[in-house]
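Mapping of the sequence shown onto numbering that gives the first Met the number 0: position 110 corresponds to residue 109, and the numbering continues sequentially without gaps. Just so you know, even glycine gets a beta-carbon here, dropped at the ideal spot from N, CA and C.
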Amino acid sequence: MQNESEWIIQLSSAQIDDLGNALRSAQAAGVTIDKLTKQNFPLAVFDGLVPEIQDRLENGRGLVVLRGLPAEKYSRDALRLMYWGMGLYLGTAVSQSSKGDLLGDVRNFGQDVNSATGRGYMSKQGLGFHTDTADVVALIVMRTAKSGGRSMICSSIAIRNEIAATRPDLLEELYKPFYWSWKGQEAPGESPYYQQPIYSEHEGKFSCRHVWTHVLAAHEHFKELPPLTAKQLEAVTLINKLANDERFHLGMMFEPGDIQLLNNHVTYHARTEFEDYPEEDRKRHLLRMWLSMSNTRALSPLMSAIYRDQRWGVVRGGFPSRTGQHSFE
């Protein structure tokens, strides 16, 4: 990862112009974000970069940062439209909550990540290493914080291999089912928790889903569940200890216009706590998409609670809309 060309792609002037031209075309036609398509957001140059991005995510490092987009040139609404248009070429967005939001605002809404329904992307709190609930998470940076908000990424494969080498007895625990809370995202009348392992392997490929706050919430709020075993606690404590070890993660401060994409099956990400500017229009603000891509791996049937279709390359993941509607706010 010391070789930044392995994971940072500097957008060319032609690619940046292509995105700007597509945006202006859509704006001139009066196209709203919910009506945006590849046809009315035509990308003739950026589209050529998409296969490389997809391959790096699935078969490379699992991390891509697109850098160079001049975010300061565009209004919030314009960046929103452009980012959604890019997403149409990268993959298919899936819902991030039971409300059906396809384009999530990552900013401080005052939520407590440790509450029964708290979500980390609506908080200013530091977030421990975790995965998001989709094949790929994509973030665009509109504004950075006054201080803090450092992004950290590590390889879940490297963590898995370290545990295999040093504590194989704990590795076995991570392939067994854990109870997880739906965090209020379940359908009406459905159980508020489900079972899924943290580690799984299928057709020669590894996958990790690690959102420890969701596991802890299940055992805190649903007393009918059996308590976590000492081995389970020790295994996940080791994951978190290794992820926080500087041998296993890299940190980066975002720049406005950065677009970060992560393969959730092979990476964890974390964020330090941040402090906002007092002015509303200067507060830290990112936009998030959860994407399925056409080249994503097949998954174990044990992952069916979240990834309802485990075949490779299908649209899957996310928290399904329980309203039957989708939104971009």
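If you reduce the DSSP assignment to three classes, tell me which class F318 lands in.
As a first step, residue 318 must be located in the sequence shown, where it is residue number 319. F318 falls in the coil class under three-state DSSP.
Please report the straight-line C-alpha distance between M0 and Q324, rounded to a whole angstrom.
Taking the sequence shown and counting its residues from 1, the one referred to as residue 0 is at position 1. Taking the sequence shown and counting its residues from 1, the one referred to as residue 324 is at position 325. The straight-line gap from Cα to Cα measures roughly 41 angstroms.
Cutting at 8 angstroms between CB atoms, please list the residues of its own chain near L286, excluding the five before and the five after it.
Position 287 of the sequence shown, counting from 1, holds the residue named residue 286. Closer than 8 angstroms at Cβ, skipping near neighbours: L78, R79, Y82, L102, G103, D104, V105, L138, I139 and M141.
W211 to N20 span [Cα, whole Å]:
On the sequence shown, position 212 is the one that residue 211 refers to. On the sequence shown, position 21 is the one that residue 20 refers to. Spanning the two alpha carbons is a distance of roughly 43 angstroms.
Rounded separation between Q110 and K98 - CA only:
Residue mapping note: residue 110 aligns to position 111 of the sequence shown, counting from 1. Residue mapping note: residue 98 aligns to position 99 of the sequence shown, counting from 1. Unreliable positioning characterises Q110 in this predicted model, as indicated by a pLDDT of 46, which lies under 50. The coordinate reading is nonetheless provided below. Spanning the two alpha carbons is a distance of roughly 16 angstroms.
So, at 7 angstroms on beta carbons, what are the nonlocal neighbours of D17 in its own chain, with the 5 sequence-adjacent residues on each side left out?
Numbered from its first residue, the sequence shown carries residue 17 at position 18. For D17, where only same-chain residues beyond five positions count, the Cβ hits under 7 angstroms are L42, A43, V44 and F45.
Within a Cβ cutoff of 8 angstroms, which residues of the same chain sit near Q128, ignoring the five residues on either side of it in sequence?
For the purposes of this step, residue 128 is identified with residue 129 of the sequence shown, where counting begins at 1. The question names Gln, yet the displayed sequence has Phe at residue 128. Answer for F128: M151, C153, H209, I238, N239, A242, N243, H248, Y267, H268 and A269, listed in chain order.
Below 8 angstroms, how does it come out for the stretch 307-325 and the stretch 178-189: are there three or more Cβ pairs, yes or no?
yes
Are L224 and D131 close, meaning C-beta to C-beta below 9 angstroms?
For the purposes of this step, residue 224 is identified with residue 225 of the sequence shown, where counting begins at 1. For the purposes of this step, residue 131 is identified with residue 132 of the sequence shown, where counting begins at 1. No, they are not a contact pair.
Other residues of its chain near G250: CB distance less than 6 angstroms, five sequence neighbours each side excluded:
Translated into positions along the sequence shown, residue 250 becomes position 251. Counting only Cβ-Cβ distances below 6 angstroms, and skipping sequence neighbours, we find R149 and M151.
Beta-carbon proximity of Y73 to K37, cut-off 9 angstroms
As a first step, residue 73 must be located in the sequence shown, where it is residue number 74. As a first step, residue 37 must be located in the sequence shown, where it is residue number 38. Contact flag unset, no.
Which residue spans inside the stretch 1-74 form an unbroken alpha helix (DSSP H) run of at least 4?
12-27 and 49-58
List the endpoints of the continuous beta strand (DSSP E) containing R159.
By 1-based counting over the sequence shown, the position of residue 159 is 160. Taken as a continuous stretch (DSSP letters only), R159 belongs to no beta strand (DSSP E), being part of the alpha helix (DSSP H) at S155 to T165.
Quick one: what's got a C-beta closer than 6 angstroms to R60's C-beta in the same chain, skipping five residues either side?
On the sequence shown, residue 60 is found 61 positions in, with the first residue counted as 1. Around R60: E5 and W6.
Where L232 falls, given that 16 or more other Cβ within 10 Å makes a residue buried
Walking along the sequence shown from the start, residue 232 turns up at place 233. Flag for L232 reads exposed.
Roughly how many whole angstroms lie between the Cα atoms of N196 and P226?
The residue you call residue 196 lines up with position 197 of the sequence shown. The residue you call residue 226 lines up with position 227 of the sequence shown. One detail in the question is off: residue 196 reads as Pro in this sequence, not Asn. In a straight line, the C-alpha of P196 is about 16 angstroms away from that of P226.
Please report how far the alpha carbon of N2 lies from the alpha carbon of E189, in whole angstroms.
For the purposes of this step, residue 2 is identified with residue 3 of the sequence shown, where counting begins at 1. For the purposes of this step, residue 189 is identified with residue 190 of the sequence shown, where counting begins at 1. Cα to Cα, the separation comes out at about 47 angstroms.
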